[in-house]
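Beneath this line is the structure, given in structure tokens, with notes to follow.
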Amino acid sequence: MRVHTSGRTLSTGSRRTGSVRSANDTPTPMQSGFPVPASKNQHSPHNMTPPPSQPQTLVERLDALYEFDREPVSDNKLHGGKSFIAMFASEHVAGTEFVLGPLLVIHGVSAFDAFVGLLIGNVLAVLSWALMCAPIAVRERLTVYWQIRKIAGPYLTVAYSAAFAIILCLLAGAMINVSTTAIAHPLGIESPNYSAGEHFPSLPWITLAVIIGAVVAALAVLGFERIAHFSKICAPWMPFIFLAGALAGLPMLGVTGLDNFWEIARTKIWTGVLAPGESQYGFWSCVGLAWLCNISQHMGMGDVTIFRFARKWHYGFASAFGMFIGHYMAWISSGIMCAAFIAQQTALGVAQPNVNPGNIAWLGAGWAGLVCVVLAGWTTANPTLYRAGLAFQVATPDWSRWRVTLAAGVIMIVTACVPAVNFFLDRVVAYYGLFFMPLGAFIFIDYWLFRRLGLERNYAERRGLRASWPAAVGWFGSFLICFVLFAKDNYASFSWVNDHLPAFLAAYRADFFMQVLPAWIIAVMLYTACSFVQQKTASPVPQTSVA
Amino acid sequence: MKSILKFLSYLGLAFTAIPAVLVFTGTISLQTQHNLLVVGMLLWFGTAIFWVKREKTGG
Chain A
1 MRVHTSGRTL STGSRRTGSV RSANDTPTPM QSGFPVPASK NQHSPHNMTP
51 PPSQPQTLVE RLDALYEFDR EPVSDNKLHG GKSFIAMFAS EHVAGTEFVL
101 GPLLVIHGVS AFDAFVGLLI GNVLAVLSWA LMCAPIAVRE RLTVYWQIRK
151 IAGPYLTVAY SAAFAIILCL LAGAMINVST TAIAHPLGIE SPNYSAGEHF
201 PSLPWITLAV IIGAVVAALA VLGFERIAHF SKICAPWMPF IFLAGALAGL
251 PMLGVTGLDN FWEIARTKIW TGVLAPGESQ YGFWSCVGLA WLCNISQHMG
301 MGDVTIFRFA RKWHYGFASA FGMFIGHYMA WISSGIMCAA FIAQQTALGV
351 AQPNVNPGNI AWLGAGWAGL VCVVLAGWTT ANPTLYRAGL AFQVATPDWS
401 RWRVTLAAGV IMIVTACVPA VNFFLDRVVA YYGLFFMPLG AFIFIDYWLF
451 RRLGLERNYA ERRGLRASWP AAVGWFGSFL ICFVLFAKDN YASFSWVNDH
501 LPAFLAAYRA DFFMQVLPAW IIAVMLYTAC SFVQQKTASP VPQTSVA
Chain B
548 MKSILKFLSY LGLAFTAIPA VLVFTGTISL QTQHNLLVVG MLLWFGTAIF
598 WVKREKTGG
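Chains as they are written, first to last, in our numbering: chain A, 1 to 547; chain B, 548 to 606.
Right under this line is the structure:
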């Protein structure tokens, strides 16, 4: 997910959930670790001073917020490959890894699906970073915000930022939920068991979540830089806790050595049998989830904001260090912990074990496990909340930074008290990725294909368009088409769609996580076709207006 | 001083990783592993905070 990114150290994003990270956000100086113009520090949470001339319109305010990143990165500010390896390795172990690994177990994937499917999905994610995102980043050296603005126009960029702020609040809420399960455990407060029908937490649990959320929101306002430093300290330690928990869980499942590991994995962990009431996931679900988890960063081009500081495009392969620690080792480890917990609870006669991060970490790693869950959630929630506040500030220019961050914190806390968010976190991540990916696809096609097709690049900027209708059609059209193709077989209210589709489409059974590829293709086709219509029917661009 | 701190930090990581292997092989109990993980955690956080660098900002 970074998710993530997660902003643990050098990144821009909410730590990738499953490391879900933000796509359009600009790294804060503290998070990025990359040199930034001094003026950028004016926007740190410690300095609420507004710019000298206050922009008036929404678009002007948004532009002003990102003004310091308008110029391409200069050569003397570029970073070597080690910076990117460190960034990816440190920021992809988030609180949500404790959620996504168990979800694969509960949804009945097989051992082969988990090991091979996640392997392929993560390889695809790395290739997407290395071959799609990084090459454009090092050629353009602009943030994703300005790249989208050139292609889609300011209005769509505002819409993109607003939607992103909301999703960031949801993700920060998911992190708080994760941390709350860990703190609730030693206090004897039972976390809600969503699969057992507990759709609302108890009052003590809500109180705890509110306290934790309030502390996180306050810290996001008061001490962001220190938290970024602390996140960096946590990073090397957390993967060891995942490993420790998994190794401790294996004997509980009957694993005595490498010789019987696969047999136990196949029959007791990733059994292929789903929990009651769940939907069946398979090989392609694993491929798709691993690929799609951070799609807004790679195919969605969010990480051009980071890789614009790279000396060479092949630094994109550094993402492998994040993927295979956070989205492979950590997911597999948390899946093992989940299976061990279910086995233990079942042996104790519990009909529906309450699988949550706090419970599984306690079983595998004790107090250190609980601390890991709290820190993994907290250190991810903080930068996510900070960025949400930054995005919301566009719409509330008269509000101080702390006020807008606390407002975002309220949304985060409410989300944290909705157990369904984490229970369906894989779906949330999938919707998030599919919704924000198309604009990155436009950047890719605009850069590599448009001139070869005889189309003008950055058409919205050249024409001074407020909104690019081809981008709007491609963006919303691709998402809607992919959603309907999935919903027709999975939501009763959409079943009527099958009656009106051609036979081959009615027979198509979409795996939601594997909608990545069709969504990208549809987005590109719609955008390119509409751009043809737009540009071929328009009058020539006046030479004076060409940038 | 920094070398000592780093040594203790890595010792903390070793206290996190090695007991997991030992509990897997049945050499130590799960409770012992949990206790050693706490020791490793305290060692790591108690020392790493003094030598893990803050990110450079503003330049």
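We put the CB at the ideal spot given by N, CA and C, even for glycine.
Candidates the options: which alpha carbon is nearest residue i's?
i	options	result
Met-301/A	Lys-232/A, Ala-114/A and Ala-125/A	Ala-125/A
Ile-336/A	Thr-143/A, Thr-271/A, Glu-278/A and Tyr-491/A	Thr-271/A
Met-299/A	Leu-526/A, Leu-78/A and Val-144/A	Val-144/A
Asn-217/A	Ala-407/A, Gly-477/A, Glu-60/A and Pro-470/A	Inspection of the sequence shows that residue 217/A is occupied by Ala rather than by Asn. Looking at the Cα atoms, Ala-407/A is the closest of the given residues.
Phe-317/A	Ala-310/A, Ala-130/A, Ala-510/A and Glu-60/A	Ala-130/A
Cys-560/A	Gly-245/A, Phe-84/A, Met-412/A and Ala-209/A	Residue numbering for chain A in the displayed model covers 1 to 547; residue 560/A lies beyond these limits and cannot be assessed.
Ala-506/A	Phe-486/A, Arg-451/A, Ile-522/A and Leu-517/A	Phe-486/A
Phe-476/A	Tyr-431/A, Ala-503/A, Asp-446/A and Ala-460/A	Tyr-431/A
Pro-438/A	Ala-460/A, Ala-152/A and Phe-424/A	Ala-152/A
Ser-319/A	Thr-405/A, Thr-57/A, Asp-75/A and Ser-83/A	Ser-83/A
Thr-405/A	Gly-213/A, Met-132/A, Thr-57/A and Gly-197/A	Gly-213/A
Pro-276/A	Lys-488/A, Gly-197/A, Leu-208/A and Leu-258/A	Gly-197/A
Ala-441/A	Gly-409/A, Tyr-459/A and Ile-521/A	Ile-521/A
Leu-274/A	Arg-509/A, Ile-85/A, Ser-539/A and Val-105/A	Val-105/A
Gly-409/A	Lys-268/A, Met-175/A, Asn-422/A and Gly-364/A	Met-175/A
Gln-535/A	Arg-457/A, Ile-443/A and Ala-343/A	Arg-457/A
Pro-135/A	Phe-494/A, Ile-443/A and Ala-538/A	Ile-443/A
Shorter than 6 Å, the distance from the beta carbon of residue i to the closest heavy atom of the ligand NAD, or not?
i	result
Ala-318/A	Among the components of this structure there are no ligands whatsoever, and the ligand NAD is therefore not found.
Could you check how far apart the C-beta atoms of residue i and residue j are, in whole angstroms? I think they sit under 8 Å.
i	j	result
Thr-157/A	Asn-356/A	The Cβ separation is near 38 Å, so there is no contact.
Ile-264/A	Leu-253/A	5 Å
Trp-362/A	His-185/A	6 Å
Leu-560/B	Phe-597/B	Their Cβ separation, rounded to whole angstroms, is 16 Å, which puts Leu-560/B and Phe-597/B out of contact at 8 Å.
Tyr-160/A	Ala-420/A	Going by Cβ atoms, the distance from Tyr-160/A to Ala-420/A rounds to 26 Å, so no, they are not a contact pair.
Gly-280/A	His-107/A	Residue identity differs from the one stated: residue 280/A is Gln in this sequence, not Gly. With a Cβ gap of about 7 Å, Gln-280/A and His-107/A count as contacting.
Ser-334/A	Phe-98/A	5 Å
Ala-416/A	Asn-177/A	5 Å
Val-428/A	Leu-208/A	In fact, because the Cβ distance is near 22 Å, the residues do not count as touching under 8 Å.
Counting only the same chain and skipping the five closest in sequence on each side, list residues whose C-beta sits under 6 Å from that of residue i.
i	result
Ser-556/B	Trp-591, Thr-594 and Ala-595
Tyr-155/A	Arg-466 and Ala-467
Ala-137/A	Val-304, Phe-307 and Arg-308
Gly-433/A	Leu-292, Ile-295 and Ser-296
Leu-375/A	Cys-234
Pro-35/A	In this predicted model, Pro-35/A has a pLDDT of only 39, less than 50, meaning its place in the structure is not dependable; the value taken from the coordinates is given anyway. Counting only Cβ-Cβ distances below 6 Å, and skipping sequence neighbours, we find Lys-77.
Arg-266/A	Ala-111
Asp-499/A	none
Glu-461/A	Lys-150
Output needed for residue i: all residues of its chain with C-beta closer than 8 Å, excluding positions within five of it in sequence on either side, in chain order.
i	result
Pro-72/A	Glu-140, Arg-141, Leu-142 and Arg-308
Val-414/A	Gly-173
Ser-576/B	Val-570
Leu-370/A	Ala-182, Ile-183, His-185, Pro-186, Gly-358, Ala-361 and Trp-362
Glu-190/A	Ala-184, Ser-202, Trp-205 and Asn-354
So, with DSSP's three-state summary, where would you put residue i?
i	result
Ser-110/A	strand
Ala-94/A	coil
Thr-271/A	strand
Ala-471/A	helix
His-79/A	strand
Ala-538/A	coil
Ala-310/A	strand
Gln-352/A	coil
Met-132/A	helix
Thr-415/A	helix
Arg-452/A	coil
Tyr-491/A	coil
Cys-293/A	coil
Met-548/B	coil
Gln-580/B	helix
Tyr-281/A	coil
Asp-511/A	coil
Pro-566/B	helix
Trp-591/B	helix
Gly-197/A	coil
Val-3/A	Legend: pLDDT at Val-3/A = 43, less than 50; position of this residue unreliable, no value from coordinates given.
Ile-189/A	coil
Might you give, ordered along the chain, the residues of its own chain that have their beta carbon closer than 7 Å to the beta carbon of residue i, omitting 5 neighbours on each side?
i	result
Ala-368/A	Ile-241
Ala-472/A	Leu-156
Asp-426/A	Leu-100, Leu-103 and Leu-289
query = At a cut of 8 Å, does the stretch 85-93 of chain A reach the stretch 323-330 of chain A through at least three beta carbon pairs?
reply = yes
message = Across the stretch 478-488 of chain A and the stretch 517-536 of chain A, are there enough close Cβ pairs to call them in contact, namely three or more that are closer than 8 Å?
response = With a cut-off of 8 Å, the stretch 517-536 of chain A and the stretch 478-488 of chain A count as touching, because enough Cβ pairs lie within range.
ask   = How do the stretch 208-222 of chain A and the stretch 379-393 of chain A stand: do at least 3 beta-carbon pairs fall below 8 Å, yes or no?
value = yes
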